[in-house]
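Numbering (full-length UniProt numbering), first residue to last: 1 to 134. Don't be surprised by glycine CBs; every beta carbon is placed ideally from N, CA and C. Notes to accompany the following structure.
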């Protein structure tokens, strides 16, 4: 995927979305692209997300990942790796299970499922605002 520009030529942040449920992945992608001025790359596993990060040199601005999913890594392990290897990338973990973000998890925040589209967009905007200040 190439970095696209808005009509004014300004940079649009890139969000990496990790969700194994196809319907939720599609819904979140469409909602975020329409409510937040950003691009979304969506993958179905944390393993695919890590591969994408390694191949692109971590050229993403924010990671939004479900916790429970199939594969070698789950979302929590992915969040820890991202916090260690790419500490500039804010991470939003989401799950239907209660979860507390461990201390030292860097710029990781938690959003419980089921999420409302507006709350998800607000959380992403807040995280992006935080990432621009740091």
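Applying the criterion that 16 or more other CB atoms from any shown protein chain within 10 Å of the CB defines a buried residue, is residue i buried or exposed?
i           : result
residue 137 : Residue 137 falls outside the range modelled here, since the chain spans only 1 to 134, and no answer is possible.
residue 75  : buried
residue 19  : buried
residue 51  : exposed
residue 83  : buried
How big is the Cα-Cα spacing for residue i and residue j?
i           : j           : result
residue 22  : residue 44  : 8 Å
residue 46  : residue 120 : 19 Å
residue 97  : residue 48  : 23 Å
residue 122 : residue 111 : 11 Å
residue 69  : residue 10  : 35 Å
residue 80  : residue 114 : 23 Å
residue 87  : residue 58  : 10 Å
residue 78  : residue 27  : 22 Å
residue 54  : residue 109 : 22 Å
residue 85  : residue 71  : 20 Å
Which same chain residues, not among the five before or five after residue i, have their C-beta less than 8 Å away from its C-beta?
i           : result
residue 124 : 15, 32, 36, 38, 62, 64 and 92
residue 128 : 13, 36, 38, 61, 62 and 90
Excluding five sequence neighbours on each side, which residues of the same chain lie with their C-beta closer than 6 Å to the C-beta of residue i?
i           : result
residue 107 : 90
residue 117 : 31
I'd like the list of long-range same chain contacts for residue i, defined as Cβ closer than 7 Å, with 5 residues on each side in sequence excluded.
i          : result
residue 66 : 18, 19, 20, 75, 94 and 95
residue 29 : 17, 40 and 42
residue 25 : 17, 19, 42 and 44
*Quick one: which unbroken beta strand (DSSP E) runs of 3-plus residues sit fully inside the UniProt domain "Response regulatory" (14-128)? Chain order, please.*
Every unbroken stretch of the beta strand (DSSP E) spanning 3 or more residues and falling wholly within the UniProt domain "Response regulatory" (14-128) is given here in chain order: 14-18, 39-43, 62-66, 91-95 and 108-112.
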